[in-house]
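Going down the list, the protein sequences come from chains A and B.
Numbered according to UniProt numbering, the first sequence terminates at residue 729, and the numbering increases by one at each position without gaps.
Numbered according to UniProt numbering, the second sequence terminates at residue 434, and the numbering increases by one at each position without gaps.
From the three backbone atoms N, C-alpha and C, an ideal C-beta is built for every residue, glycine too.
Nothing here was measured: the structure is a model prediction, and the numbers come from that model.
To keep things clear, I will list the structure first and then write my remarks on it.
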Amino acid sequence: MPYFGSEETVKELKRALSNPNVQADRLRYKSYITKVIRYMTQGLDVSALFMDMVKASATVDIVQKKLVYLYMCTYASDKPDLALLAINTLRKDCADPNPMVRGLALRNMCNFRMPGMTEYIEQPIVAGLRDKASYVRRVAVLGCAKMHSLQPRTEIDGSLVNELYALLRDPDPVVVVNCLRALEDILKDEGGVVINKPIAHHLLNRLKDLDCWAQSEVLTFLLRYRPRNDDELFDILSLLDPFLQSSQSHVAISTLRLFLHLAAAHPAVQADALLCSSAPLLATCGAASRELRFAGLCHIQQVMRSQPALFNTHYKRFFCGYSEPSYIKFRKMEILVALVNDENVALVLEEMKSYCTDVSAELAQAAIAAIGRIGRTYSEKCLDILTGLLALKQDHITSAVIQTFRDLVWFCPQCTAAVCLTVESCVDYPQDSEGKQALLWLLGEHADQISSAPYLLEVYIDGLKTELSAALKMEILTAALKMFLRRPAETQDMLGRLLHYCIEEESDMCVRDRALLYYRLLQRGIEETRKVVTGPKSDPSLSVLTSAQEEPVSQWVSIFNTLGPLSAADLQLHNTALSASEHTDDTADTELLTEHVPVSMRDVSEAGVSLCAGAAVSPEAFEQMWQQLEVLQRQTVCFSGCAADTLQSALQPVHIQTLAFSPARALPWRAYIYSRGSGTLVLAELLQDDPEMLTVTIKQQPEHQQTVTAFISVLQSVLQTLNTGQMSV
Amino acid sequence: MIGGLFIYNHKGEVLISRVYRDDIGRNAVDAFRVNVIHARQQVRSPVTNIARTSFFHVKRSNIWLAAVTKQNVNAAMVFEFLYKMCDVMTAYFGKISEENIKNNFVLIYELLDEILDFGYPQNSETGALKTFITQQGIKSQTKEEQSQITSQVTGQIGWRREGIKYRRNELFLDVLESVNLLMSPQGQVLSAHVSGRVVMKSYLSGMPECKFGMNDKIVIDKQGKGGTTDDTGKSGKQSIAIDDCTFHQCVRLSKFDSERSISFIPPDGEYELMRYRTTKDIILPFRVIPLVREVGRTKLEVKVVIKSNFKPSLLAQKIEVRIPTPLNTSGVQVICMKGKAKYKASENAIVWKIKRMAGMKESQISAEIELLPTNDKKKWARPPISMNFEVPFAPSGLKVRYLKVFEPKLNYSDHDVIKWVRYIGRSGIYETRC
Numbered sequence: 001m002p003y004f005g006s007e008e009t010v011k012e013l014k015r016a017l018s019n020p021n022v023q024a025d026r027l028r029y030k031s032y033i034t035k036v037i038r039y040m041t042q043g044l045d046v047s048a049l050f051m052d053m054v055k056a057s058a059t060v061d062i063v064q065k066k067l068v069y070l071y072m073c074t075y076a077s078d079k080p081d082l083a084l085l086a087i088n089t090l091r092k093d094c095a096d097p098n099p100m101v102r103g104l105a106l107r108n109m110c111n112f113r114m115p116g117m118t119e120y121i122e123q124p125i126v127a128g129l130r131d132k133a134s135y136v137r138r139v140a141v142l143g144c145a146k147m148h149s150l151q152p153r154t155e156i157d158g159s160l161v162n163e164l165y166a167l168l169r170d171p172d173p174v175v176v177v178n179c180l181r182a183l184e185d186i187l188k189d190e191g192g193v194v195i196n197k198p199i200a201h202h203l204l205n206r207l208k209d210l211d212c213w214a215q216s217e218v219l220t221f222l223l224r225y226r227p228r229n230d231d232e233l234f235d236i237l238s239l240l241d242p243f244l245q246s247s248q249s250h251v252a253i254s255t256l257r258l259f260l261h262l263a264a265a266h267p268a269v270q271a272d273a274l275l276c277s278s279a280p281l282l283a284t285c286g287a288a289s290r291e292l293r294f295a296g297l298c299h300i301q302q303v304m305r306s307q308p309a310l311f312n313t314h315y316k317r318f319f320c321g322y323s324e325p326s327y328i329k330f331r332k333m334e335i336l337v338a339l340v341n342d343e344n345v346a347l348v349l350e351e352m353k354s355y356c357t358d359v360s361a362e363l364a365q366a367a368i369a370a371i372g373r374i375g376r377t378y379s380e381k382c383l384d385i386l387t388g389l390l391a392l393k394q395d396h397i398t399s400a401v402i403q404t405f406r407d408l409v410w411f412c413p414q415c416t417a418a419v420c421l422t423v424e425s426c427v428d429y430p431q432d433s434e435g436k437q438a439l440l441w442l443l444g445e446h447a448d449q450i451s452s453a454p455y456l457l458e459v460y461i462d463g464l465k466t467e468l469s470a471a472l473k474m475e476i477l478t479a480a481l482k483m484f485l486r487r488p489a490e491t492q493d494m495l496g497r498l499l500h501y502c503i504e505e506e507s508d509m510c511v512r513d514r515a516l517l518y519y520r521l522l523q524r525g526i527e528e529t530r531k532v533v534t535g536p537k538s539d540p541s542l543s544v545l546t547s548a549q550e551e552p553v554s555q556w557v558s559i560f561n562t563l564g565p566l567s568a569a570d571l572q573l574h575n576t577a578l579s580a581s582e583h584t585d586d587t588a589d590t591e592l593l594t595e596h597v598p599v600s601m602r603d604v605s606e607a608g609v610s611l612c613a614g615a616a617v618s619p620e621a622f623e624q625m626w627q628q629l630e631v632l633q634r635q636t637v638c639f640s641g642c643a644a645d646t647l648q649s650a651l652q653p654v655h656i657q658t659l660a661f662s663p664a665r666a667l668p669w670r671a672y673i674y675s676r677g678s679g680t681l682v683l684a685e686l687l688q689d690d691p692e693m694l695t696v697t698i699k700q701q702p703e704h705q706q707t708v709t710a711f712i713s714v715l716q717s718v719l720q721t722l723n724t725g726q727m728s729v
Numbered sequence: 001m002i003g004g005l006f007i008y009n010h011k012g013e014v015l016i017s018r019v020y021r022d023d024i025g026r027n028a029v030d031a032f033r034v035n036v037i038h039a040r041q042q043v044r045s046p047v048t049n050i051a052r053t054s055f056f057h058v059k060r061s062n063i064w065l066a067a068v069t070k071q072n073v074n075a076a077m078v079f080e081f082l083y084k085m086c087d088v089m090t091a092y093f094g095k096i097s098e099e100n101i102k103n104n105f106v107l108i109y110e111l112l113d114e115i116l117d118f119g120y121p122q123n124s125e126t127g128a129l130k131t132f133i134t135q136q137g138i139k140s141q142t143k144e145e146q147s148q149i150t151s152q153v154t155g156q157i158g159w160r161r162e163g164i165k166y167r168r169n170e171l172f173l174d175v176l177e178s179v180n181l182l183m184s185p186q187g188q189v190l191s192a193h194v195s196g197r198v199v200m201k202s203y204l205s206g207m208p209e210c211k212f213g214m215n216d217k218i219v220i221d222k223q224g225k226g227g228t229t230d231d232t233g234k235s236g237k238q239s240i241a242i243d244d245c246t247f248h249q250c251v252r253l254s255k256f257d258s259e260r261s262i263s264f265i266p267p268d269g270e271y272e273l274m275r276y277r278t279t280k281d282i283i284l285p286f287r288v289i290p291l292v293r294e295v296g297r298t299k300l301e302v303k304v305v306i307k308s309n310f311k312p313s314l315l316a317q318k319i320e321v322r323i324p325t326p327l328n329t330s331g332v333q334v335i336c337m338k339g340k341a342k343y344k345a346s347e348n349a350i351v352w353k354i355k356r357m358a359g360m361k362e363s364q365i366s367a368e369i370e371l372l373p374t375n376d377k378k379k380w381a382r383p384p385i386s387m388n389f390e391v392p393f394a395p396s397g398l399k400v401r402y403l404k405v406f407e408p409k410l411n412y413s414d415h416d417v418i419k420w421v422r423y424i425g426r427s428g429i430y431e432t433r434c
């Protein structure tokens with residue numbers, strides 16, 4: 001911030017500092033030095049005063065010394081030759097009888113960022129490492145790291161590294177941690193500090209002496225260590241146990257991460273640790289400071305990825321306070337959506353409803369979208385609330401509600417009729433582009449259920465000339481075409497007008513191309529067009545497969561307690577990166593079809609074909625295959641429904657794997673299962689439309705009729721047993 | 001680790017800037033100002049990423065504290081560190097305000113020098129720091145002081161230095177609670193919790209061993225019925241259930257886990273012994289009963305009754321009720337039985353202040369709000385009525401049962417120590433929807 005008159009100021013200061021009268025008066029002299037630092041902080045370039053400041057360093061006043069050192073550290077790299085003048089004073093101070101002066105001098109000498117510094121500081125650092133005052137040792141240890149960062153590419157001094165490793169046994173806890181930090185920096189290219197068994201055990205035993213910052217860091221370093229056997233592992237875990245409940249949330253979270261990492265092979269221990277640390281995590285969410293609350297919420301979201309039910313009883317903790325900043329409110333709403341179950345749905349929805357009228361439009365829209373997501377399971381209640389919100393007649397709310405309707409219709413086709421009725425009777429239509437697009441999509445897709453659809457569409461077509469958004473024009477085109485296929489008589493005229501305008505007068509290339517495409521398509525005949533435009537879409541219920549999955553802990557533990565959970569964008573990136581890599585390294589089909597010798601031959605069916613579970617099929621691979629394969633057989637079975645886990649445990653012994661199922665009591669209820677036999681993979685969908693009947697759809701790769709018969713007979717017998725079991729109960 | 005620390009005032013002027021690592025350039029100070037402090041929209045997150053550099057910020061009144069780093073660090077730790085930094089500064093010069101920071105700016109640089117080195121936290125205990133920060137700053141020290149530094153610096157107990165002597169051994173115990181409430185218009189408690197702190201000021205000689213006891217349900221139940229009969233007599237509630245609690249580093253956690261006893265060697269001076277939270281059986285000091293009636297399109301009648309719900313002998317203080325009003329308010333008439341009420345147009349609220357109020361009392365305010373007719377169809381989203389107060393008891397029901405001091409090496413006993421206990425309950429977010 002070099003502002004007007006800055007040169008004057010510097011000159012004035014220079015004059016004052018070199019004035020012998022000022023130099024004689026210690027207080028006045030010091031006040032001028034303070035002034036220099038003040039200007040430096042404000043961004044003024046005061047490097048011209050370097051010479052005078054170096055002179056000021058020769059003083060007995062420690063505060064003044066500190067200020068001058070701060071100045072010199074900032075400008076040393078600009079004036080290396082002048083800075084050398086100060087080194088003599090500093091080296092002299094390094095031999096001072098007062099440990100504080102020694103430490104101060106050494107620290108600042110190491111802070112000078114200029115080439116050729118190493119030769120001056122090496123000897124004091126080595127002396128400092130052996131100093132009897134731990135204050136100096138602390139400084140000297142970090143000095144090693146600073147020295148290395150001055151010349152990052154030089155050879156690493158082996159003896160220095162050894163000395164640092166030896167200092168890990170120092171009685172002062174801060175020296176120990178500083179050693180770790182310094183070694184980590186110095187050995188960065190070789191993969192950081194090596195944590196072997198003696199070091200790990202030593203650190204674990206010293207852990208309680210350290211201050212909380214050090215604890216947190218040491219726990220992170222310990223992630224590198226792998227215990228040799230289970231005995232050692234459990235010894236370590238019991239040592240760590242008290243820290244799970246640490247007063248400092250960051251220590252508790254670090255411990256949790258280490259716990260999860262160490263116990264990767266023991267899911268039960270992991271679950272215990274998560275349960276145990278749920279209290280400190282919740283406490284962090286109730287912390288007085290909002291930033292910490294935010295961090296706590298983000299970490300809870302991570303934990304919920306593998307244990308969605310852990311915080312079920314505490315859902316009220318995630319109700320938003322009125323004065324909380326919106327970043328906290330967004331996170332809380334996301335968590336609330338995930339926590340919804342039969343018992344709390346009414347209260348949660350009531351709470352969400354009150355957020356919908358929030359002052360911040362963004363937050364209100366997010367709340368509406370959240371209700372929509374809850375609506376995928378509890379559609380009726382949510383539809384009521386959403387319809388009620390339309391009556392408020394506020395633009396941003398209406399728009400968000402219509403968008404939510406669109407998504408809801410897509411995910412739960414059963415609420416189409418209700419949505420269409422609401423849209424029909426709605427008087428106020430969205431004004432923003434996204435809302436309009438959603439409305440148009442609904443009109444086009446369900447033109448047969450909304451009687452006034454053509455008239456609504458006509459308004460948009462008439463206003464096309466003044467419309468700016470290309471995306472909206474595309475949506476109008478698509479909606480008009482879809483509507484034409486369903487209600488040709490009312491739409492033909494306006495579609496003609498629309499196509500003419502878009503092809504002849506539209507300036508946006510994308511819109512023009514789309515219009516041309518539709519025009520040529522229509523030329524091919526109505527049937528052809530119908531096949532293309534209203535052809536079958538991807539089955540939305542398949543998303544059951546990918547959503548609401550309980551992820552393994554290993555999925556997120558690597559980013560736990562870092563910056564990752566706090567930035568949602570990074571998180572998504574991380575996820576896509578992960579799944580992408582998964583796709584490349586498991587060449588799906590070959591792996592799926594590898595024959596596994598069945599463990600037991602108990603379940604041999606009539607046809608003599610045995611089923612076996614084999615390798616697990618990933619949801620993505622399943623989805624991909626399900627969409628590719630043709631339906632082989634469809635059959636209805638008498639089945640009155642049962643709890644999902646009962647079904648799962650009943651299918652397990654007969655080597656049928658359950659991949660995913662919709663939440664209990666949802667209608668239609670679906671489950672996806674698979675099994676292997678005779679070198680083929682059998683995929684099946686169980687669909688329950690009405691309470692008594694279950695439709696089984698079977699696909700197979702490669703086809704092998706006998707396996708399918710065997711599969712069906714096994715499945716039928718299981719379902720029958722479940723049925724009778726329920727009746728007897 | 002932390003590459004640099006900056007402090008700004010509300011205008012974005014740099015008050016303090018300290019860079020610890022080379023990877024943080026000089027333009028980082030400006031990047032934060034431009035992207036966060038001067039940004040148009042609301043703050044999106046306490047962590048901002050600008051050009052692969054993460055800025056963690058905390059706002060205290062209108063001062064911004066920002067920590068900068070290029071590494072992928074533990075976010076919770078950086079925030080805790082910033083709070084610790086605030087605590088240390090408060091301990092040295094009181095409230096964190098622009099003026100205080102400007103006046104103490106040399107001291108802050110000294111502190112920053114000691115607390116962090118090369119971006120790594122070194123020493124953040126106020127008591128221990130006092131040895132290093134010499135504001136009078138004359139180099140020649142007495143022999144005694146020198147040996148003190150050496151012993152402190154090599155000592156096992158980082159939070160207390162040896163050789164402390166007081167003529168009068170005193171300790172002050174403050175139980176500070178903040179009670180949070182969210183209540184529905186029908187008077188149903190949607191959520192309520194108390195977050196409390198036990199703050200201790202100890203002026204004790206030597207290396208005393210302390211033991212702290214409170215009416216924790218688990219302990220009381222364990223001790224059986226015999227020992228606690230006198231407790232029941234005094235307070236209505238015998239014991240409280242603590243949801244979670246955390247302690248100062250000095251408390252021996254292993255002992256707490258096994259016996260649930262809190263024993264420790266206290267730091268010198270003021271520090272926070274424990275933090276806790278309770279959610280069950282909270283005594284809500286006040287009930288707010290709102291009544292809002294819309295009379296036509298241009299008038300609103302609001303009646304709010306507050307009832308104090310504690311012993312009549314106790315006095316609540318600094319009571320403030322904030323009743324929000326719609327944006328299109330043109331005039332307000334207020335009548336209140338007690339205290340003073342005023343409509344503050346700039347804050348869109350009626351602020352009703354009562355200096356003191358005894359327990360088991362009731363007070364009422366009624367207001368007529370006149371509205372400007374608008375064509376804005378937007379319905380007024382009624383913000384909740386919030387309340388502030390201070391009461392001289394602990395809303396969680398926590399009671400200090402004893403605090404024993406043992407110092408075997410020096411000749412003073414538990415009885416010689418003068419102990420003071422004080423309970424203060426403050427309102428946190430105390431809101432009633434209307």
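- Item | Contact between the segment 626-636 of chain A and the segment 691-711 of chain A (3+ Cβ pairs under 8 angstroms) | Taking a contact to require three or more Cβ pairs closer than 8 angstroms, the segment 626-636 of chain A and the segment 691-711 of chain A qualify as touching.
- Message: Counting only Cβ pairs nearer than 7 angstroms, list the residues of chain B close to A:Asp-189.
- Response: Within chain B, no residue comes near A:Asp-189; the closest Cβ sits about 16 angstroms away, beyond 7 angstroms.
- Item | Beta-ladder partner(s) of B:Met-214, from DSSP | B:Val-400
- Task: Take the Cβ of A:Leu-592 as the centre, count every other Cβ of all protein chains shown within 10 Å, and call the residue buried at 16 or more, exposed below.
- Result: In this prediction, A:Leu-592 scores a pLDDT of 32, lower than 50, which makes its location untrustworthy; the coordinate-derived value is nonetheless stated afterwards. That one is buried.
- Cβ of B:His-38 less than 8 angstroms from any chain A Cβ? no
- Task: Could you confirm whether any beta carbon from chain E is found closer than 8 angstroms to the beta carbon of B:Thr-374?
- Result: Among the protein chains in the structure shown, which are A and B, there is no chain E.
- Indicate the three-state DSSP secondary structure (helix, strand or coil) for B:Ile-240 in the structure shown. strand
- Can you have a look at A:Val-604 and say buried or exposed, based on whether 16 or more other CB atoms are within 10 angstroms of its CB? Summary for A:Val-604: the model assigns pLDDT 36, below 50, so the residue's position carries little reliability; its value from the coordinates is reported in the next sentence. Exposed, since its Cβ has fewer than 16 Cβ neighbours within 10 Å.
- For A:Asn-178, three-class secondary structure by DSSP: helix
- Query: Whose C-alpha, out of A:Ala-24, A:Pro-171, A:Leu-281 and A:Val-708, is nearest the C-alpha of A:Phe-294?
  - Reply: A:Leu-281
- In chain order, what residues of the same chain lie with their CB nearer than 8 angstroms to the CB of B:Lys-59, ignoring the 5 residues before and after it? Leu-65
- Query: Are the C-beta of A:His-250 and some C-beta of chain B separated by less than 8 angstroms?
  - Reply: yes
- Thinking B:Cys-210 and B:Leu-403 are a contact (beta carbons under 8 angstroms), I'd like their distance in whole angstroms, please. 6 angstroms
- Using 10 angstroms around the beta-carbon of A:Trp-441, count the other beta-carbons present and answer buried if the total reaches 16, otherwise exposed. buried
- How should A:Cys-638 be labelled, buried or exposed, when 16 other C-beta atoms within 10 angstroms of its C-beta is the threshold for buried? A:Cys-638 should be labelled exposed.
- Query: Would B:Thr-432 count as contacting chain A if we go by Cβ distances under 8 angstroms?
  - Reply: no
- Query: Helix, strand or coil for A:Ala-166 per DSSP?
  - Reply: helix
- Message: Short of 6 angstroms in beta carbon distance, which residues of its chain neighbour B:Ile-138, apart from the five on each side in sequence? Order them along the chain.
- Response: The pLDDT assigned to B:Ile-138 is 32, lower than 50, so where the model puts this residue is not dependable; a value taken from the coordinates is nonetheless given after this. Taking C-beta separations shorter than 6 angstroms and ignoring five residues to either side along the sequence, B:Ile-138 has no partners in its chain.
- Message: Just to confirm before moving on: does the CB-CB distance between A:Leu-336 and A:Phe-311 stay below 8 angstroms?
- Response: No, Cβ-Cβ distance for A:Leu-336 and A:Phe-311 is not below 8 angstroms.
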